[in-house]
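Asks:
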Amino acid sequence: MANMSLKKVKMDEQDPNLRNKNFLEVALGYTLEEAIEEANRCIECKHSPCKNGCPVNIQIPEFIHAIKNGDIEEAYSIVTDDNGLPAICGRVCPQENQCEGRCVRAIKGESVGIGRLERFVADWHMANAKDKKVEIKKKTEKVAIVGSGPASLSCAADLAKYGYDVTMFEALHELGGVLMYGIPEFRLPKDLVQKEINQVLNLGVKVEKNVIIGKSLDIEDLFEDGFKAVFIGSGAGLPRFMNVPGEDLNGVYSSNEFLTRVNLMKAYDFPNNHTPVRLGDIVAVIGGGNVAMDAARTAKRLGAKEVHVIYRRSMEELPARQEEIHHAIEEEIQFDLLRNPVEVLGEDTIVKGIRVIKMELGEPDESGRRRPVPIKGSEYIMDVDNVIIAIGQTPNPLLINTTKELKTNNRGCIMVNEETMETTMKNVYAGGDAVTGAATVILAMGAGKQAAKSIHNKLVFDSRK
Amino acid sequence: MYKIVEKEVLNSVVQKMVIEAPFVSRKCEPGQFIILRIEEGGERIPLTIMDFDRDAKTVTIVFQVLGHTTSILATKKVGDELLDFVGPLGKATELHNHKRVLGIAGGVGSAPLYPQLKKLSELGVEVDVIIGGRTDELVILGDEFAKFCKNVYYATNDGSKGTKGFVTDVLVDLLNKGEQYEEVITIGPLIMMKAVVSVTKPLNIATGVSMNPIMIDGTGMCGGCRVTVGGETKFACVDGPDFDGLLVDFDMAMNRQTYYKEEESHICKMDDKRKEGVNNG
Ligand SMILES: Cc1cc2nc3c(=O)[nH]c(=O)nc-3n(C[C@H](O)[C@H](O)[C@H](O)COP(=O)(O)OP(=O)(O)OC[C@H]3O[C@@H](n4cnc5c(N)ncnc54)[C@H](O)[C@@H]3O)c2cc1C
Ligand SMILES: Cc1cc2nc3c(=O)[nH]c(=O)nc-3n(C[C@H](O)[C@H](O)[C@H](O)COP(=O)(O)OP(=O)(O)OC[C@H]3O[C@@H](n4cnc5c(N)ncnc54)[C@H](O)[C@@H]3O)c2cc1C
Ligand code: SF4
Ligand code: SF4
Ligand code: FES
Chain B
1 MANMSLKKVK MDEQDPNLRN KNFLEVALGY TLEEAIEEAN RCIECKHSPC KNGCPVNIQI
61 PEFIHAIKNG DIEEAYSIVT DDNGLPAICG RVCPQENQCE GRCVRAIKGE SVGIGRLERF
121 VADWHMANAK DKKVEIKKKT EKVAIVGSGP ASLSCAADLA KYGYDVTMFE ALHELGGVLM
181 YGIPEFRLPK DLVQKEINQV LNLGVKVEKN VIIGKSLDIE DLFEDGFKAV FIGSGAGLPR
241 FMNVPGEDLN GVYSSNEFLT RVNLMKAYDF PNNHTPVRLG DIVAVIGGGN VAMDAARTAK
301 RLGAKEVHVI YRRSMEELPA RQEEIHHAIE EEIQFDLLRN PVEVLGEDTI VKGIRVIKME
361 LGEPDESGRR RPVPIKGSEY IMDVDNVIIA IGQTPNPLLI NTTKELKTNN RGCIMVNEET
421 METTMKNVYA GGDAVTGAAT VILAMGAGKQ AAKSIHNKLV FDSRK
Chain R
1001 MYKIVEKEVL NSVVQKMVIE APFVSRKCEP GQFIILRIEE GGERIPLTIM DFDRDAKTVT
1061 IVFQVLGHTT SILATKKVGD ELLDFVGPLG KATELHNHKR VLGIAGGVGS APLYPQLKKL
1121 SELGVEVDVI IGGRTDELVI LGDEFAKFCK NVYYATNDGS KGTKGFVTDV LVDLLNKGEQ
1181 YEEVITIGPL IMMKAVVSVT KPLNIATGVS MNPIMIDGTG MCGGCRVTVG GETKFACVDG
1241 PDFDGLLVDF DMAMNRQTYY KEEESHICKM DDKRKEGVNN G
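Listed in order, the protein sequences are those of chains B and R.
Following our numbering, the numbering of the first sequence begins with 1 at its first residue and continues without gaps.
Following our numbering, the numbering of the second sequence begins with 1001 at its first residue and continues without gaps.
#1: B:Gln14 and B:Leu32: beta carbons closer than 9 Å?
#2: Taking the continuous beta strand (DSSP E) assigned at B:Ala144, which residues delimit it?
#3: What residues in the stretch 1226-1250 of chain R have a beta carbon less than 8 Å from any beta carbon of chain B?
#4: Quick one, which of B:Lys458, B:Ile329, B:Arg370 has its alpha-carbon nearest B:Leu17's?
#5: Strictly under 9 Å for the Cβ-Cβ distance: is R:Arg1274 near chain B by that measure?
#6: Taking the alpha helix (DSSP H) that B:Arg301 belongs to, which residues open and close that run?
#7: Return yes when the Cβ of R:Ser1121 is within less than 9 Å of the Cβ of R:Cys1149, no when it is not.
#8: If you measure from the beta carbon of R:Met1221 to each beta carbon in chain B, is any gap under 9 Å?
#9: Between B:Gly176 and B:Arg261, what straight-line distance do the alpha-carbon atoms span, to the nearest angstrom?
#10: Distance cutoff 9 Å, beta carbons only. Does B:Val285 sit that close to anything in chain R?
#11: What residues in the stretch 215-226 of chain B bring their beta carbon closer than 9 Å to a beta carbon of chain R?
#12: Expressed to the nearest angstrom, what Euclidean distance is found between the alpha-carbon atoms of B:Asp221 and B:Cys89?
#13: On a CA-only basis, which of B:Lys407, B:Glu174, B:Arg355, B:Thr394 is nearest B:Val244? Give me that one, please.
#14: Any chance you could list the beta strand (DSSP E) runs of at least 3 consecutive residues sitting entirely within the stretch 1123-1149 of chain R, in chain order?
#15: With H, G and I counted as helix, E and B as strand and the rest as coil, what does DSSP make of R:Gly1281?
#16: Nearest to B:Arg411 by alpha carbon, out of B:Ala157, B:His456, B:Val373, B:Ala236?
#17: Closest by CA to R:Ala1074, which one among R:Phe1052, R:Val1125, R:Lys1016?
#18: What's the call for B:Met180, buried or exposed, on a 16-neighbour Cβ count within 10 Å?
#19: Please classify R:Val1278 as buried or exposed, where buried requires at least 16 neighbouring CB atoms within 10 angstroms.
#20: B:Arg297 CB to nearest chain R CB: under 9 Å?
#21: Counting along the chain, where does the beta strand (DSSP E) carrying B:Phe120 start and finish?
#22: What do you get for R:Gln1180, buried or exposed, if any count of 16 or more other CB atoms within 10 angstroms of its CB means buried?
#23: Going by the DSSP bridge assignment, what does R:Ile1061 pair with across the sheet?
#24: Does the beta carbon of R:Cys1028 fall short of 8 Å from some heavy atom of ligand 2?
#25: Residues of chain B with CB under 8 Å from R:Ser1060, in chain order?
#26: Against chain R, does B:Arg278 count as a neighbour if the rule is that its beta carbon must be under 9 Å from one of theirs?
#27: Within 8 Å, do at least three Cβ pairs link the stretch 117-125 of chain B to the stretch 61-73 of chain B?
#28: When you measure from the CB of R:Met1215 to every non-hydrogen atom of ligand 5, does any distance come out below 8 Å?
#29: Sorry if obvious, but does the Cβ on R:Gly1218 come closer than 8 Å to a heavy atom of ligand 5?
#30: Given 8 Å as the limit, tell me if R:Met1252 has its C-beta closer than that to any heavy atom belonging to ligand 2.
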């Protein structure tokens, strides 16, 4: 029985006024009944446009069909044919621009909750199913993977499935990249990320943490050590600053430092965890993307009384996902739009305020969005105790600087052949944020899978020579 | 896991440890450092690589007990293992082939200075060193430096060893006597490096310093370790830790180092309570 409701089946959420004081997940997920009810909204279109909207082309109507039949394990197996990290993607994909954006049900009413269903299937599997030991015919060739974010995880998983002897080298003490140190617990619980990572490790992928490629070892060393190919998924970890006076005052954080202290080092649990994070009553977050929303909502949860998001364009141009903006507003985050910081002010070396200038929207710029222009004489001072800068990240130059053969574009992104993901260095492939600049989890995963396929083709070809 | 294979107590607050760390020992050079985490929940702290043995796959660190993490580290014994130990981080020191170089170390700064001066002397540079500390007991590695330094001078606040006063008193004295150095390399507390630069800058003597801001990742990802050098923002963990001392903004660096004072002393008071608890129980 098709469910012709124009709205998605509602998903329970923690009350905004409770959740803005804790780090537990905001959205609570569907029950089996709710999932089946939502699945019944899918009319299983023959041409299924939703599939083309998904960067890894999950067989969407097929897995939803299995949910309708109550066969969740079957649904899980269909999803994971194309996506090894469904619990993660179901939660953080910008579905409205991807799968759900193309759903025919969205022409009139809301799209099918594809992301929510994907999440349900993954959570159900983790809670109820035993992992089967997969039999893989092993090959002898070794492949090295740099980093352990979504690009690297999906590349490693696919290569392991082909049978290669895969080792993942990670600079930090935890695997997962931004999934672990960037996206907060209340949006993406870390034990769940760990479980999906464990699925990859169960395929036989080896791990060396605390190894920085370009410092501990160079790419040449990897080839010397017998690796036949290398995949680079080193992400876009370099924080941008604003280059305004006062940026080095105590109390100014990059979003990376702030979120790393809280997520990776668990500063919300200081002093049980030993890394502190210092936050006053009034916090200004600069920027308007997902990272800014995460920083603002995290600051609120750490006890800030007032959190302001300062963004230089208007509400329409905010690049963050709709759902995140909506959640932030519910959690009493304030939006100071059409504003730009010109100076951070301090007293005794500590942030005391921020001088902002009002902006108005002028002619459209290259990006097609209307360019914000400062309004002369409109500067004023806001009292704040902290400033968190979330205006974007670029690829970390550490590895590129020590590997001359790797060519990058003018934005510092590693150049690849877009079909094969091969870099300018022989048998070295790259993908994810290191290639595109800061993007999304699912695009990084897609790139990792594509590279795995090319590496496989290349190594098969090489072995025949 | 990274095993402690040797440990030596150098004085009441400074210890030396040799750690098994094959991925660090393989390529490290003088001037680089590591970041370690002792156990789950622990802080990541940076320490300079004092020495290394590529064959034995080990790295030597020397640390001063300052706060929480270094106190825990001091309780670790030979055979114990550290959870995380990542490196080598930072740039290797650029050693210049000068005729004559003066090293100036304060407290535990002797440890990171040691491999740099040693390498310089191996390159044929004539090296002198001034070692300072609050009192005789806290002056370390004098005998080791004496093996290759032409002159080893000491300065202690209480006069228990060498000149009574600061390392800069000795420096000013040497320069007044007409001693000529093409470069000064100084490692120690920020306040000391700042004082050294205040002497060398007017004379335009090239001065290398080693910055030690609070760090987290050590890979250029968090930006917490930023220092201002010649008006530009640099990340000490990837652009340093060594910088041109004549260009460093020391006041800003000193300010940034104090931001977490309260939390540091809070967690240390908990340590004291815990220790009391152990003693009483
Ligand atoms: C706060 C925040 C919120 C976000 N929210 C969303 C969201 O809601 N939805 C979404 O789709 N995307 C979101 N993103 C973007 C998404 O997380 C990234 O696009 C994605 O993680 C990129 O994956 P990656 O594998 O390319 O790199 P990363 O996840 O950045 O992983 C790179 C890994 O490589 C390691 N590494 C780097 N250099 C080296 C080296 N030399 N040697 C060894 N290891 C190295 C790093 O330590 C890191 O672990 C968000 C990002 C942030 C920061
Ligand atoms: C590149 C570099 C090389 C260093 N080399 C040495 C060395 O060879 N031997 C040595 O004894 N010390 C060295 N230090 C300093 C050492 O890291 C600190 O003494 C140590 O982190 C103190 O930790 P704690 O928990 O015991 O003390 P805390 O009570 O936490 O802090 C005491 C003081 O240490 C500094 N500090 C605290 N946390 C950090 C951190 N995460 N990163 C950096 N500094 C911090 C602050 O100035 C603080 O005021 C180095 C620092 C840097 C940045
Ligand atoms: S992976 Fe992302 S885009 Fe693809 S179906 Fe799932 S939620 Fe949609
Ligand atoms: S477009 Fe929407 S309704 Fe059609 S198959 Fe895809 S999810 Fe189902
Ligand atoms: S320690 Fe994070 S950028 Fe240097």
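Cβ coordinates follow ideal geometry from the N, Cα and C atoms, glycine included.
None of the values given here were measured: they were computed from a predicted structure.
Replies: The short version:
#1: The beta carbons of B:Gln14 and B:Leu32 sit no closer together than 9 Å.
#2: Residues 142-146.
#3: Cβ proximity to chain B below 8 Å picks out Arg1226, Thr1228, Thr1233, Val1238 from the stretch 1226-1250 of chain R.
#4: Correcting the residue type first, residue 17 of chain B is Asn in the shown sequence and not Leu. Check the Cα spacing between B:Asn17 and each of B:Lys458, B:Ile329, B:Arg370: the tightest is with B:Ile329.
#5: Confidence is the limiting factor: at R:Arg1274 the pLDDT is only 49, short of 50, which leaves the residue's position unreliable and the question unanswerable from this model.
#6: Looking at the DSSP string, the run of the alpha helix (DSSP H) that includes B:Arg301 is 290-301.
#7: Yes, these two residues count as a Cβ contact at 9 Å.
#8: It does; some Cβ of chain B falls within 9 Å.
#9: Answer to the nearest angstrom: the Cα atoms are 16 Å apart.
#10: False, the Cβ-Cβ gap to chain R never drops below 9 Å.
#11: The stretch 215-226 of chain B vs chain R, Cβ under 9 Å: Lys215, Ser216, Leu217, Asp218, Asp221.
#12: A straight line joining the alpha-carbon of B:Asp221 with that of B:Cys89 spans about 34 Å.
#13: Checking every option, the nearest Cα to that of B:Val244 belongs to B:Arg355.
#14: Runs of the beta strand (DSSP E) inside the stretch 1123-1149 of chain R: 1126-1133.
#15: Note on R:Gly1281: pLDDT 29, under 50, position unreliable in the model; the coordinate value appears next. In this structure, R:Gly1281 counts as coil in the three-state DSSP scheme.
#16: The shortest C-alpha separation from B:Arg411 is found at B:Ala236.
#17: Measuring from the Cα of R:Ala1074, the nearest candidate turns out to be R:Lys1016.
#18: With 16 or more Cβ atoms within 10 Å of its Cβ, B:Met180 is classed as buried.
#19: For R:Val1278, the predicted model reports a pLDDT of 39, less than 50, meaning its position is unreliable; a value from the coordinates is still stated below. Around the beta carbon of R:Val1278, fewer than 16 other beta carbons lie within 10 angstroms, which makes this residue exposed.
#20: No, B:Arg297 does not count as interfacial toward chain R.
#21: In the DSSP annotation of this structure, B:Phe120 is not part of any beta strand (DSSP E); the continuous alpha helix (DSSP H) holding it starts and ends at 114-128.
#22: Taking all protein chains shown into account, R:Gln1180 has fewer than 16 neighbouring C-beta atoms within 10 Å of its C-beta and is therefore exposed.
#23: In the DSSP output, where bridge partners are listed per residue, R:Ile1061 has R:Met1017.
#24: Distances between the C-beta of R:Cys1028 and the heavy atoms of ligand 2 are all 8 Å or more.
#25: Residue 1060 of chain R is actually Thr in this sequence, not Ser. The premise fails here: R:Thr1060 is roughly 17 Å from chain B at the closest Cβ pair, so nothing lies under 8 Å.
#26: Against chain R, the CB of B:Arg278 has a partner CB under 9 Å away; the residue lies at that interface.
#27: Yes: at least three Cβ pairs fall under 8 Å.
#28: Because some heavy atom of ligand 5 lies under 8 Å away, the Cβ of R:Met1215 counts as near it: yes.
#29: At least one heavy atom of ligand 5 is found less than 8 Å from the C-beta of R:Gly1218.
#30: No.
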